[in-house]
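S.K.:
2 protein chains.
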Amino acid sequence: MTRLTTVTVLGTGVLGSQIAYQAAYSGFTVTAYDISDAVLEKARGRFDELASVYERTVAGGANGRATRALDNVTYSSDLGDAVKDADIVIEAIPEILDLKKATYSALSGLAPLRTIFATNSSTLLPSDLMESTGRPDRFLALHFANEVWVHNTAEIMGTAKTDPAVYATVVEFARDIGMVPIELKKEKAGYVLNSLLVPFLDAAAELLIDGIADPETIDKTWRIATGAPAGPFQIYDVVGLTTAYNISLAGGPKQREFADYLKTTYLDHGKLGVATGEGFYRYPVSASVG
Amino acid sequence: MTRLTTVTVLGTGVLGSQIAYQAAYSGFTVTAYDISDAVLEKARGRFDELASVYERTVAGGANGRATRALDNVTYSSDLGDAVKDADIVIEAIPEILDLKKATYSALSGLAPLRTIFATNSSTLLPSDLMESTGRPDRFLALHFANEVWVHNTAEIMGTAKTDPAVYATVVEFARDIGMVPIELKKEKAGYVLNSLLVPFLDAAAELLIDGIADPETIDKTWRIATGAPAGPFQIYDVVGLTTAYNISLAGGPKQREFADYLKTTYLDHGKLGVATGEGFYRYPVSASVG
């Protein structure tokens, strides 16, 4: 099996930065690509913050490894330059179909033939994008969860055209960068995690909207019954109420009612969940990453 | 607010025994009713087992409290005798509508007028039963979860006719017997817990039946992403695959497909989950309670 050693991550947003830093922390040679030097300048700040989070948590104290990992990262706003030596390109750009397709088309002519392309898309299926890559056999989805150093799942999902050897190589790569590979045997919108999470969170929203019980009661029930550390409304606050709003707005009548409730009760007052210090619950203010 | 001190539990099955023993352990005077002395003889064995579980776990060592709690329990197969001094009757008899209605009709003439009636029914709404009680204002649902000493929720659900003062008295009673009261503001099939659990477990079943991923992968994803101690298939094994089968059989096409899978893969081979030592996973064999 091919071992991948050079990684290019496209997009330096919240998750793109985390993926790139996690690979750098695991000893890989990483190129972080974004559209302009100004954006990359902001990205440097994100990477520095990540290094201090890792120093405190993952590295378990200041032994310098997390800071030294920054040396493994090169920044580039030139797509051709960014991918010219990549064994794998992980795409974490905005969830806009046409933008992704155009990016893959450009990429297909710039990256070496050996390069594997992986999309981190949450909402698109890899088969929506495969033809634009020019190499569907070397293309699949590799999907990370926010705070990759804690929630270290990497969901791996190919299309009917993905070469099984490429799939296996990416499973190995995910493990090498410290992730637990979650192998999906077929394409599935929402992968495994969101396929479980969405109906669960919808059910909680329905209990609230129908006036059956309040968020504290619902969360307490789940925690005591299942031993989980967090109930559904605590999870909503972590996911972020803007994301919850956008997903709910695209749902059925009950979900749209919940979206409306989220907007008027929380979003309109700047309460977006843990990130802003308040959502369904209040949180102590602390430095946030991403 | 009235304080309840004498409790009669109708039915000495798995949950009836646990409810009665939990109340006795909390210092209440308890009468355990069942239909014959032969059944009650079996119940005594259950109560003895519960006392030893409590001694080991809840009481945190053999200080004798759990055994002494058995002195608070009286056994009776005479319904009139069993309820004649009851402040509250908790009904935990089989989930058969006509049987429950007949029992409440009999009860209405036998219990003092002050006595509150509470049903532990999982599958019926209290409004299905309220007219047969002859006292709908003093009737509601008080729903326990298996292993009450660990999963100590008591879901409390009234009907439109339940007197709010009675509701409040039962909330207080639930707290007094060591439960966390879960207050539902309206009737809801499945209460809070099963309203969350069923769609979550259904989603997991669908991922399996559709061949997206295997149970270990699905469970691992949930555990890592949410920090929960158990994924959906581990929960299936705790709930018991016979129960899962019966519920799935009454569902849509995908659920019925899952029911069929459960039957041929597990039930037909005596694999019923944790209780039999094997279900989706294997478990070390140990003494079981109930």
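Line order of the protein sequences matches chains A and B. Be aware that the first sequence starts at 299, since it is given in the numbering used here, and climbs by one per residue. Be aware that the second sequence starts at 299, since it is given in the numbering used here, and climbs by one per residue. Quick reminder that beta carbons are idealized off the backbone N, C-alpha and C, glycines included.
Evaluate S334 of chain A with the Cβ neighbour count: other Cβ atoms within 10 Å of its Cβ, from every protein chain shown; 16 or more gives buried, anything less gives exposed.
M.R.: exposed
S.K.: Could you work out which residue in A:D369, A:G538, A:K483 is closest to D508 of chain B when comparing CA atoms only?
M.R.: A:K483
S.K.: What are the boundary residues of the alpha helix (DSSP H) that T541 of chain A is part of?
M.R.: 539-547
S.K.: So is N418 of chain A buried or exposed if we call it buried at 16+ other beta carbons inside 10 Å?
M.R.: buried
S.K.: Against chain A, which members of the segment 552-572 of chain B pass a CB distance test of less than 7 Å?
M.R.: Within the segment 552-572 of chain B, no residue has a Cβ that lies closer than 7 Å to any Cβ of chain A.
S.K.: Does DSSP put S419 of chain B in a helix, a strand or coil?
M.R.: Under the three-state reduction of DSSP output, S419 of chain B falls in the coil class, being neither helix nor strand.
S.K.: Cβ closer than 9 Å: which chain A residues qualify as neighbours of L539 of chain B?
M.R.: Within chain A, no C-beta atom comes nearer than 9 Å to that of L539 of chain B; the closest sits roughly 18 Å away.
S.K.: Below 9 Å between beta carbons is the criterion; list the residues of the segment 507-533 of chain A that meet it against any residue of chain B, in chain order.
M.R.: D508, G509, I510, A511, D512, T515, I516, K518, T519, W520, I522, A523, T524, G525, A526, P527, A528, G529, P530, I533
S.K.: Roughly how many whole angstroms lie between the Cα atoms of P598 of chain A and Y465 of chain A?
M.R.: Absent from the structure is residue 598 of chain A, since the part of chain A shown begins at 299 and ends at 588.
S.K.: Check the Cβ of P392 of chain A against every Cβ in chain B and list those closer than 7 Å, keeping chain order.
M.R.: Correct list: empty, because the minimum Cβ distance to chain B is about 23 Å.
S.K.: Looking at chain A, is there any beta carbon in it that lies within less than 8 Å of the beta carbon of I480 of chain B?
M.R.: yes
S.K.: Nearer than 7 Å: is that true of the beta carbon of A542 of chain A relative to any heavy atom of the ligand GDP?
M.R.: The ligand GDP is not part of this structure, which contains no ligands at all.
S.K.: Buried or exposed, going by whether 16 or more other CB atoms sit within 10 Å of the CB of S430 of chain B?
M.R.: If you draw a 10 Å sphere on the C-beta of S430 of chain B, you find 16 or more other C-beta atoms in it, and that means buried.
S.K.: Hey, out of B:E339, B:L491, B:T365, whose CA is closest to T515 of chain A's CA?
M.R.: B:L491
S.K.: Just checking my contact of A594 of chain A with S493 of chain B at CB under 8 Å: how many whole Å lie between their CB atoms?
M.R.: The question about residue 594 of chain A has no answer here: the residues shown for chain A are numbered 299 through 588.
S.K.: At what residues does the alpha helix (DSSP H) containing P527 of chain B begin and finish?
M.R.: Run containing P527 of chain B: none; DSSP gives neither H nor E here.
S.K.: Quick one: is T563 of chain B buried, meaning 16 or more other Cβ sit within 10 Å of its Cβ, or exposed?
M.R.: exposed
S.K.: For A582 of chain B, which residues from the same chain have a beta carbon less than 8 Å from its beta carbon, with the 5 sequence-adjacent residues on both sides left out?
M.R.: The question names Ala, but residue 582 of chain B is Pro in the sequence shown. Same-chain partners within the cutoff: G575.
S.K.: Using a Cβ-Cβ cut-off of 8 Å (strictly less than) and excluding sequence neighbours within five positions of P527 of chain B, which residues of its own chain qualify?
M.R.: R521
S.K.: So, are the CB atoms of Y331 of chain B and A380 of chain B less than 8 Å apart?
M.R.: yes
S.K.: Of all the options B:A364, B:S350, B:R344, which has the alpha carbon lying nearest to the alpha carbon of S324 of chain B?
M.R.: B:A364
S.K.: Please list, in chain order, all residues of the same chain as T372 of chain B whose beta carbon is under 6 Å from its beta carbon, the five residues on each side excluded.
M.R.: T329
S.K.: Kindly list, in the order they appear in chain A, the residues whose Cβ is closer than 7 Å to that of T491 of chain B.
M.R.: It is Leu, not Thr, that sits at residue 491 of chain B in the sequence shown. Ordered by position in chain A, the residues that pass the 7 Å Cβ test against L491 of chain B are T519, A523.
S.K.: Can you list, in chain order, the residues of its chain with a C-beta nearer than 7 Å to that of V468 of chain A? Leave out the 5 residues immediately preceding and following it.
M.R.: I414, A416, L438, L440, I454
S.K.: Look up R580 of chain B in the DSSP assignment and give the residues it is bridged to.
M.R.: B:E576
S.K.: Kindly list, in the order they appear in chain A, the residues whose Cβ is closer than 9 Å to that of T451 of chain B.
M.R.: K518, T519, I522, A523
S.K.: Between A:R580, A:G358, A:A367, A:S403, which has its C-alpha nearest G378 of chain A's C-alpha?
M.R.: Of the candidates A:R580, A:G358, A:A367, A:S403, the one whose C-alpha sits nearest the C-alpha of G378 of chain A is A:S403.
S.K.: Just the Cα atoms here: how many angstroms apart are I510 of chain A and A557 of chain B?
M.R.: 30 Å
S.K.: Across which residues does DSSP place V387 of chain A in a beta bridge pair?
M.R.: Note: V387 of chain A sits in a beta bridge opposite A:T306, A:F415.
S.K.: Measure how close the beta-carbons of I388 of chain B and I317 of chain B come, nearest whole angstrom, since I'm counting them as under 8 Å.
M.R.: I317 of chain B and I388 of chain B do touch by the CB rule: their CB atoms are close to 6 Å apart, below 8 Å.
S.K.: Straight-line CA distance for E470 of chain B to E481 of chain B?
M.R.: E470 of chain B and E481 of chain B: Cα-Cα distance of roughly 11 Å.
S.K.: Given this structure, state the Cα-to-Cα distance separating F531 of chain B from V356 of chain B, to the nearest angstrom.
M.R.: Distance between the alpha carbons of F531 of chain B and V356 of chain B is about 27 Å.
S.K.: Near T300 of chain A, what residues of its chain come up, given a Cβ to Cβ distance below 7 Å and the 5 sequence neighbours on each side ignored?
M.R.: T467
S.K.: Excluding the five sequence neighbours on either side, which residues of its own chain have a C-beta within less than 6 Å of the C-beta of V305 of chain A, listed in chain order?
M.R.: Excluding positions up to five away in sequence, the list reads A321, F326, V328, I386.
S.K.: Can you tell me where the beta strand (DSSP E) with I480 of chain A in it begins and where it stops?
M.R.: 478-482
S.K.: Three-state secondary structure (DSSP) at Y373 of chain A?
M.R.: Looking at Y373 of chain A - three-state DSSP - the assignment turns out to be strand.
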